[in-house]
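UniProt numbering puts the first residue of the sequence shown at 1, with every later residue one more than the last. Each residue gets a CB set at the ideal place from its N, CA and C atoms; glycine is no exception. All remarks here apply to the structure that follows.
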Amino acid sequence: MVGYSDSKQDQLRRLRRVEGQVRGLQRMVEGDKYCIDVLTQVSAATSALQSVAISLLEDHLAHCVAEAAAKGGPEAQAKVKEASDAIARLVRS
């Protein structure tokens, strides 16, 4: 079972909304909309994706990492490292 199983439908709904935003961006560029308006929508789509990422990370920490930490040992260390690496990627993006 993955950490986001309980929120899967919510995650899918959010991703579909992002997909719609990106399609809207394509239409804006095709329609030669004003640069700043396009950039504003890029920012909104980026924020929406970051929100999905944070939610997935929270689910991962609450489920996968917590479960591994309770068991202890090398798996716990690996899950913490994995989460730390994911956080680093999010911070860099």
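A83 has its alpha-carbon roughly 19 Å from the corresponding atom of D6. Rounded to the nearest whole angstrom, the C-alpha separation of G3 and V65 is 9 Å. By the Cβ criterion, the region 6-26 is in contact with the region 36-52, since at least three pairs of Cβ atoms, one from each stretch, lie closer than 8 Å.
Counting only residues of its own chain and dropping the five nearest sequence neighbours on each side, V18 has a CB closer than 8 Å to the CB of A45, A48, L49, V52. By the C-beta density criterion, A78 is exposed, having fewer than 16 other C-beta atoms within 10 angstroms. The DSSP-derived three-state label of V2 is coil. Shown here, K33 sits in coil according to DSSP, grouped into three states, outside any helix or strand.
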